[in-house]
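Everything in the sequence shown is counted per the working numbering, starting at 15 for the first residue and increasing by one.
Glycine included, C-beta positions come from ideal geometry on N, C-alpha and C.
Step one of this worksheet: look at the structure below.
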Amino acid sequence: MNFKTGKADFIGFQRKFFNWFWQKLNEAEQAIFVISFLKWKPMGKRIDQLIASLSEVFEGEPWYGESVMRKLENVSYIIGDKTCLPESHNVAQIVAHLISWKNFAIEKLRSNGSFNIKIDSKQDWPEVEVQSRKDWEDLKHELVVAQNDIYDFLKDKSDHFLDEKVAGRDYTYDFLLKGIIQHDIYHLGQIGLIQSQLKNQEKHSGVFKS
15 MNFKTGKADF IGFQRKFFNW FWQKLNEAEQ AIFVISFLKW KPMGKRIDQL
65 IASLSEVFEG EPWYGESVMR KLENVSYIIG DKTCLPESHN VAQIVAHLIS
115 WKNFAIEKLR SNGSFNIKID SKQDWPEVEV QSRKDWEDLK HELVVAQNDI
165 YDFLKDKSDH FLDEKVAGRD YTYDFLLKGI IQHDIYHLGQ IGLIQSQLKN
215 QEKHSGVFKS
């Protein structure tokens with residue numbers, strides 16, 4: 015038996031088996047089977063690993079120390095609008111900046127080719143004030159919502175999606191999402207630096223008490 019004949023025999027066997035299986039189901043079971051089949055997608059290693067990396071950096075336990083949310087949990091709202099250098103961004107502004115670029119990623123994932131953020135604009139660095147614990151918690155919640163929107167979109171995608179071009183850009187979704195991870199890590203370092211220097215400057219003021 016050559017390869018083509020063997021392949022044809024196997025396909026024939028698959029069809030006979032499916033017909034037998036289908037006849038064993040009642041109408042309700044057939045409906046459930048069809049719905050489940052339509053919802054099924056072949057998962058890929060690349061997109062699973064990418065989602066895991068997004069999560070590890072944002073809320074997990076990365077090898078280099080604290081994740082974004084773990085770091086922010088240890089930052090009091092009292093220093094949200096403080097910075098260690100004149101004319102530099104404070105922690106609240108950095109969080110708002112992270113939100114802006116996660117929202118940019120979401121718009122691009124949704125194929126919004128016209129959406130753009132101009133560097134150093136108010137879209138890039140939104141004006142934000144943190145005057146209370148509620149303001150701080152609301153800002154962190156907005157960051158979590160943006161991250162979860164990315165997860166929700168990616169959960170039904172396969173590896174092939176990562177190689178598609180981003181709407182209105184000349185790079186792929188793989189490049190975009192890895193950029194979000196790198197962006198989180200970069201600004202995580204900034205937040206840590208601000209926190210550390212402010213602690214040294216105001217260690218006797220009680221500024222870090224919630």
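Thinking just about the alpha-carbon of each residue, which of Q37, S67 and D152 is nearest to the one in D188? S67
What are the residues that DSSP puts in a beta bridge with T97? None, per the DSSP bridge assignment.
Span of the alpha helix (DSSP H) around D152: R147 to L168
Pick from A106, N88, K122 and H103 that is closest to Y185, judged by C-alpha positions: K122
Determine, using beta-carbon pairs with one atom in the segment 202-214 and one in the segment 152-167, whether at least three such pairs fall under 8 Å. no
What did DSSP end up calling K179 once you bin it into helix, strand or coil? strand
Quick one: Cα of S81 to Cα of D198, how far? 9 Å
Helix, strand or coil, according to DSSP, for K30 in the structure here? helix
Count the other C-beta atoms from every protein chain shown that fall within 10 angstroms of the C-beta of Q63, then say buried if there are 16 or more, exposed otherwise. exposed
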